[in-house]
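Novice: Under our numbering, the first residue of the sequence shown carries the number 49, and numbering increases by one thereafter.
Glycine is no exception: its CB is placed at the ideal position from the N, C-alpha and C atoms.
What follows is a single structure, and I will ask about it in a moment.
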Amino acid sequence: MIKAINVSYRYSKGEEVLRNINLNIKEGTITALIGSNGSGKSTLLKLISKTNEKHLKYDGKIELIDENIKNMEYKKVSQIVGLLEQRNEFSDSISDSINIEKFIVFGKYNRKNLFENYTEKDYLEVNKIMAELKIDNLYGRETSQLSGGELQKVFIAKILVQDTPVILFDEPFNNLDITFQKELIKLLKKLKMQGKTIIIAMHELNIAINECDNIVLLEKGVINYCGTSNEFVNQVISKAIDSELVNIELFQYDNKWYIK
Numbered sequence: 049m050i051k052a053i054n055v056s057y058r059y060s061k062g063e064e065v066l067r068n069i070n071l072n073i074k075e076g077t078i079t080a081l082i083g084s085n086g087s088g089k090s091t092l093l094k095l096i097s098k099t100n101e102k103h104l105k106y107d108g109k110i111e112l113i114d115e116n117i118k119n120m121e122y123k124k125v126s127q128i129v130g131l132l133e134q135r136n137e138f139s140d141s142i143s144d145s146i147n148i149e150k151f152i153v154f155g156k157y158n159r160k161n162l163f164e165n166y167t168e169k170d171y172l173e174v175n176k177i178m179a180e181l182k183i184d185n186l187y188g189r190e191t192s193q194l195s196g197g198e199l200q201k202v203f204i205a206k207i208l209v210q211d212t213p214v215i216l217f218d219e220p221f222n223n224l225d226i227t228f229q230k231e232l233i234k235l236l237k238k239l240k241m242q243g244k245t246i247i248i249a250m251h252e253l254n255i256a257i258n259e260c261d262n263i264v265l266l267e268k269g270v271i272n273y274c275g276t277s278n279e280f281v282n283q284v285i286s287k288a289i290d291s292e293l294v295n296i297e298l299f300q301y302d303n304k305w306y307i308k
């Protein structure tokens, strides 16, 4: 589904961000991308989603469904991959206050021609996603009226409305209460059962080891671990501790592993 072959990337000033990244993400799986701040998680997601021209200037190859992403048109990539960026990046994308339903329906841009209007069917899908996320209490409000957590939920709804087979999340659990985190995990598992492929950059190791199929550990632009979450717990939890993700202990309760 997604392959990265010897991918390396440098910032314009020459600083290396990713080095010799090799990945093979299978269809219908949830993968946690973990690592300390500055390890290259966000950059890797942007390369996979072909965010803009500067994210094409990397060495190696990234394939989506066996096709080199560099040879694909932006619109085609947007129909395959949806990316929810970190809040400090996406919150700046709202310059004016917008009705929430109108904002979420913008996620359908990848299916529209220039100047094509959004349909009643599009808005029905918005309503369905909002109900599934249990944010239908926000109907009719403006983006400027939302708290940080509410705005995060609206952006999650927008990326889900985009309806792509691959969904990338960059720290989606930030600013979310525990109840909504559980609702989001439940929905992501439902999407996985529908065949969606999901990659989540996160710092929440308890979610990574209990709710994700696979874990990729990035440190200083290099993959230190790539495998199943069970193997991660059994073999390389010490690497996560050394990378300053956690600093206390691992324990098991109710057939799940937890870090405290």
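#1: For I271, name the three-state secondary structure that DSSP assigns.
#2: Can you list, in chain order, the residues of its chain with a C-beta nearer than 7 angstroms to that of K74? Leave out the 5 residues immediately preceding and following it.
#3: Using DSSP with H/G/I as helix, E/B as strand and the rest coil, what is R159?
#4: Buried or exposed for L162, going by 16 or more other Cβ atoms inside 10 Å?
#5: Could I get the ranges of all uninterrupted alpha helix (DSSP H) runs contained in the region 210-284, with 4 residues as the minimum, in chain order?
#6: Which one or two residues does DSSP pair with E111 in a beta bridge?
#7: Under DSSP, the beta strand (DSSP E) around I146 begins and ends at which residues?
#8: Whole-angstrom Cβ separation of M178 and F221, contact assumed at under 8 angstroms?
#9: Please list, in chain order, all residues of the same chain as G196 whose beta carbon is under 6 angstroms from its beta carbon, the five residues on each side excluded.
#10: What are the start and end residues of the beta strand (DSSP E) that includes I69?
#11: Identify the residues that DSSP records as bridge partners of S56: which are they?
#12: I need the DSSP call for T79, collapsed to helix, strand or coil.
#13: Determine the burial state of N295: buried for a count of at least 16 other Cβ atoms within 10 Å of its Cβ, exposed for fewer.
#14: Ignore the nearest five residues each way along the sequence and tell me which others in F217's own chain have a CB closer than 6 angstroms to its CB.
#15: Specify, as a first and last residue, the run of the alpha helix (DSSP H) that L172 falls within.
#16: Terminal residues of the continuous alpha helix (DSSP H) containing L92?
#17: Residue range of the beta strand (DSSP E) that L131 falls in?
Specialist: In short:
#1: Stepping through the sequence shown from its first residue, residue 271 is reached at position 223. Under the three-state reduction of DSSP output, I271 falls in the strand class.
#2: The sequence position of residue 74 within the sequence shown is 26, counting from 1. Non-local beta-carbon contacts of K74 in its own chain, meaning distances under 7 angstroms to residues more than five positions away in sequence, involve M49 in chain order.
#3: Reading the sequence shown from its first residue, position 111 is the one you call residue 159. Three-state DSSP puts R159 in a helix.
#4: If you number the sequence shown from 1, residue 162 lands on position 114. Taking every protein chain shown into account, the CB of L162 has fewer than 16 other CB atoms within 10 angstroms, so this residue is exposed.
#5: Secondary structure in the region 210-284: the alpha helix (DSSP H) runs of 4 residues or longer, each lying completely within the stretch, are 226-241, 253-259 and 277-283 in chain order.
#6: Numbered from its first residue, the sequence shown carries residue 111 at position 63. Answer is K51 and N116, bridged to E111.
#7: In the sequence shown, residue 146 corresponds to position 98, counting from 1. Element bounds for I146: n/a, residue is neither H nor E.
#8: Here residue 178 corresponds to residue number 130 of the sequence shown, with the count starting at 1. Here residue 221 corresponds to residue number 173 of the sequence shown, with the count starting at 1. Contact between M178 and F221 does not hold, since their C-beta atoms are separated by about 19 angstroms, which reaches or exceeds 8 angstroms.
#9: Residue mapping note: residue 196 aligns to position 148 of the sequence shown, counting from 1. The beta carbon of G196 is closer than 6 angstroms to those of N223 in its chain, skipping five residues each way along the sequence.
#10: In the sequence shown, residue 69 corresponds to position 21, counting from 1. Annotation for I69: the continuous beta strand (DSSP E) segment containing it runs E64 to I73.
#11: Residue numbering aside, residue 56 sits at position 8 when the sequence shown is read from its first letter. S56 is bridged to D107.
#12: For the purposes of this step, residue 79 is taken as the residue at position 31 of the sequence shown. The three-state reading of DSSP puts T79 in strand, counting E and B together.
#13: The residue labelled residue 295 in the question sits at position 247 within the sequence shown. Here the model assigns N295 a pLDDT of 47, short of 50, so the residue's position is not dependable, and the following value carries that caveat. With fewer than 16 other Cβ atoms within 10 Å, it is exposed.
#14: Locating residue 217 in the sequence shown gives position 169, where the first residue counts as 1. Correct list, in chain order: L132 and I248.
#15: Taking the sequence shown and counting its residues from 1, one reaches residue 172 at position 124. Unbroken alpha helix (DSSP H) run through L172: E168 to E180.
#16: As a first step, residue 92 must be located in the sequence shown, where it is residue number 44. Here the alpha helix (DSSP H) through L92 covers K89 to S97.
#17: As a working note, residue 131 is residue 83 in the sequence shown. V129 to L132 is the extent of the beta strand (DSSP E) around L131.
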